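Sequential numbering of the sequence shown, starting at 87, is according to the working numbering. Inspection log for the structure reproduced underneath, given as structure tokens.
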Amino acid sequence: MSPTPPVRRLRLGMPRRVFSQVLLMQLAIAAGVVVLATGLFLAPLSHQLDDQAMRRALAIAQTTAAMPQIAEDLQHTQPSVGGPVQREAERIRKASGAEYVVVMDLHGTRWSHTDPEEVGGHVSTDPSQALAGREVMEIDSGTLGRSARGKVPLHDSDGRIIGAVSVGIEYDSVRARLIHAIPGLFAYAGGALAVGALAAWLISRRVQRQTRDLAFSDISALLAEREAMLHGIREGVVALDRAGRIRLLNDEAQRLLGIGDEAVGRSPDEALGEGRTADVLAGRVTGTDLLTVRGQRVLVANRMPTDDGGAVSTLRDRTELEQLGRELDSTRGLIDALRAQDHEHANRMHTLLGLLELEMYDDAVDFVGEVVGDHRATSEQVTEKIEDPLLAALLVGKATVAAERGVALGVSDRTRLPDRLVDPRGLVTIVGNLVDNALDAVAGTPHARVEIELRTEGRTVVLRVRDTGPGIPAEHRESVFTEGWSTKKPPAHGKRGIGLSLVRRLAERQGGSASVDAAHGGGAEFTVVLPEALAQPDLEPALTAPAKSTVEKESR
Numbered sequence: 087m088s089p090t091p092p093v094r095r096l097r098l099g100m101p102r103r104v105f106s107q108v109l110l111m112q113l114a115i116a117a118g119v120v121v122l123a124t125g126l127f128l129a130p131l132s133h134q135l136d137d138q139a140m141r142r143a144l145a146i147a148q149t150t151a152a153m154p155q156i157a158e159d160l161q162h163t164q165p166s167v168g169g170p171v172q173r174e175a176e177r178i179r180k181a182s183g184a185e186y187v188v189v190m191d192l193h194g195t196r197w198s199h200t201d202p203e204e205v206g207g208h209v210s211t212d213p214s215q216a217l218a219g220r221e222v223m224e225i226d227s228g229t230l231g232r233s234a235r236g237k238v239p240l241h242d243s244d245g246r247i248i249g250a251v252s253v254g255i256e257y258d259s260v261r262a263r264l265i266h267a268i269p270g271l272f273a274y275a276g277g278a279l280a281v282g283a284l285a286a287w288l289i290s291r292r293v294q295r296q297t298r299d300l301a302f303s304d305i306s307a308l309l310a311e312r313e314a315m316l317h318g319i320r321e322g323v324v325a326l327d328r329a330g331r332i333r334l335l336n337d338e339a340q341r342l343l344g345i346g347d348e349a350v351g352r353s354p355d356e357a358l359g360e361g362r363t364a365d366v367l368a369g370r371v372t373g374t375d376l377l378t379v380r381g382q383r384v385l386v387a388n389r390m391p392t393d394d395g396g397a398v399s400t401l402r403d404r405t406e407l408e409q410l411g412r413e414l415d416s417t418r419g420l421i422d423a424l425r426a427q428d429h430e431h432a433n434r435m436h437t438l439l440g441l442l443e444l445e446m447y448d449d450a451v452d453f454v455g456e457v458v459g460d461h462r463a464t465s466e467q468v469t470e471k472i473e474d475p476l477l478a479a480l481l482v483g484k485a486t487v488a489a490e491r492g493v494a495l496g497v498s499d500r501t502r503l504p505d506r507l508v509d510p511r512g513l514v515t516i517v518g519n520l521v522d523n524a525l526d527a528v529a530g531t532p533h534a535r536v537e538i539e540l541r542t543e544g545r546t547v548v549l550r551v552r553d554t555g556p557g558i559p560a561e562h563r564e565s566v567f568t569e570g571w572s573t574k575k576p577p578a579h580g581k582r583g584i585g586l587s588l589v590r591r592l593a594e595r596q597g598g599s600a601s602v603d604a605a606h607g608g609g610a611e612f613t614v615v616l617p618e619a620l621a622q623p624d625l626e627p628a629l630t631a632p633a634k635s636t637v638e639k640e641s642r
């Protein structure tokens, strides 16, 4: 036997969708406004109708009291059903549509009344104010029921008060006018409510499209998730509005760009300064995976336009990846050089073995001395001119790689560099990038040669790297220092166009410069000037500890 299915209970409450909630709230507001407006209109309308009825009664009473014949008859006749006062009062009542017209003397005795049996009797309400000379308007109850009344004094020809005139307007007629006005009022209110409901529906439909028919709880969850995602991911996110101003920066973007919340509301140029990074964020440079350098960081940027005319850019820190990639390229080059040296070493060992077997001992000694002397000469040539150990080791290694690639790497006779560098790692990065670029430029060309010149002028270091390659056209001599610009195919680990940009950045960070020109005899000559790159001669080496460089060499 199958279990009894659970009974679904009807759940009452506010709907979850934004569209439905906005529609209901707007309908409630519209209905409330209509009801309030109707009530505010009806309240004064009732009072206004009462006032109009009392004023009408007072006007009829004033007109009646102003007739001299009424006062004359009151003085010279007796109250009777067929008397002249009764006949004139009834004529006025019928002509004006009043409920009653009562003429009374100073004692409150009726001389006229709608009901003939009441003629000669005493009035049912207090006539003292009218008999005292004051005009009265009121809503009161008498022998004929509730009515709107007007009472005025009656004067003789000499101006003396001889009685009063009381006129009543049936209150049911006033109420009937009010009730008669209500359907029309409700019709107008219903029309206003219908227009308000239509407007509420149109606005709610627009809200539905803009919120994609989400519930308020979904929107709150999305906002919470967005905040957690933006500030939790390890990619920088920069959002711009349609005017090109920054409207959002997550924590990683602030770290990568070196800016804070004060950048919000400003353009990229104002927040970052002019440069490639600002151009990429502003959309002036297009493409995917655009490389840019911010400080000592290599960033990869992508920009996506949004429907509201703005854009969202993502930034990835590629500094460590670029460093690892360049180290991988260098390692591969060293492996190739070692493999070639291993092959050459085997050939030399075979030659030496043959000389020994032929008992040509003197020739064997000369052969070994010549081989060892070549390497020793290269090392001594570098170390006697360049005293910094890091830079000397770099050039010795580059000389080995250059030899295996068929390139003559030499150090100029003018080279002199003492061991007093303030930032030896920065200079190693600069020299490594420039030498690698030069080796790439001349590799495979006849009589390929690269020459390095390092000299000092006071505390300033001047570096020149010359090659015999094809050179750089004049129109491209500034472009080569731009991030992402390169004439070579990208390596396996990523993209080119970073090395020379880093060279210029490192030089400018020390207040120097980097430039390129045509070398004498053909090729290119890169010049880097580093002011105050040397420590004072009397300072201890411990006080001039090298600053750690986060970016290593990169091919041009």
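Note that the Cβ used here is the ideal one computed from N, Cα and C, for glycine as well. Predicted model only: the values in this text are computed from it and were never measured.
Residue i vs residue j beta-carbon contact at 8 Å
i, j, result
"I48", "D191", "Here the chain has residues from 87 to 642 only, and residue 48 is not among them."
"Q138", "I289", "no"
"G183", "R196", "no"
"V547", "L620", "yes"
"P510", "L476", "yes"
"G236", "A143", "yes"
"A529", "P556", "no"
"G231", "Y186", "no"
"V366", "T374", "no"
"A151", "V205", "no"
Length of the line joining the Cα atoms of residue i and residue j
i, j, result
"A310", "P391", "23 Å"
"T200", "V188", "8 Å"
"L439", "G609", "43 Å"
"S36", "V566", "With the chain represented from 87 up to 642, any question about residue 36 goes unanswered, as that position is not in the structure."
"R642", "R292", "For R642, the predicted model reports a pLDDT of 37, less than 50, meaning its position is unreliable and no value from the coordinates is stated."
"A489", "T515", "21 Å"
"R352", "E466", "57 Å"
"R563", "V371", "20 Å"
"P576", "W287", "Confidence is the limiting factor: at P576 the pLDDT is only 49, short of 50, which leaves the residue's position unreliable and the question unanswerable from this model."
"V120", "L110", "15 Å"
"E176", "S198", "8 Å"
"A181", "V108", "59 Å"
"M223", "S166", "28 Å"
Coarse secondary structure for residue i, derived from DSSP in three states
i, result
"R246", "coil"
"V468", "helix"
"D403", "strand"
"A432", "helix"
"A280", "helix"
"P391", "strand"
"I178", "helix"
"V188", "strand"
"I319", "coil"
"R141", "helix"
"L252", "In the sequence on display, residue 252 carries Ser and not Leu. Three-state DSSP puts S252 in a strand."
"R506", "coil"
"H562", "helix"
Same chain, Cβ closer than 8 Å to residue i, five either side skipped, listed in chain order
i, result
"D449", "L441"
"L401", "E321, G322, V323, V324, E338, A339, L342, L343, L385, V386 and A387"
"Q153", "Per the sequence shown, the amino acid found at residue 153 is Met instead of Gln. Excluding sequence neighbours, M153 sits near E174."
Cβ-based neighbour list, residue i, same chain, cut-off 7 Å, excluding 5 preceding and 5 following
i, result
"A283", "L113 and A116"
"D242", "A157, Q161 and I248"
Terminal residues of the beta strand (DSSP E) in which residue i lies
i, result
"T378", "L376 to R380"
"R235", "G231 to H241"
"T546", "T546 to D553"
"A339", "Here A339 belongs to no beta strand (DSSP E); instead the alpha helix (DSSP H) covers D337 to L343."
"R535", "R535 to E543"
"A325", "G322 to L326"
"A604", "S599 to A604"
"L227", "Note on residue identity: the sequence assigns Ser, not Leu, to residue 227. Per DSSP, S227 belongs to the beta strand (DSSP E) from V222 to G228."
"M446", "Unbroken run through M446: none, as it is neither H nor E."
"G496", "A494 to V497"
"V614", "A610 to L616"
Enclosing alpha helix (DSSP H) for residue i [first to last residue]
i, result
"P475", "P475 to E490"
"L588", "G585 to R595"
"G518", "P510 to V528"
"D355", "P354 to L358"
"I156", "P154 to H162"
"D365", "R362 to A368"
"A216", "S214 to L217"
6 Å CB neighbourhood of residue i in its chain, flanking five on each side removed
i, result
"L540", "T501, L503 and L549"
"D355", "A364"
"A285", "none"
"F612", "L520, V551 and V602"
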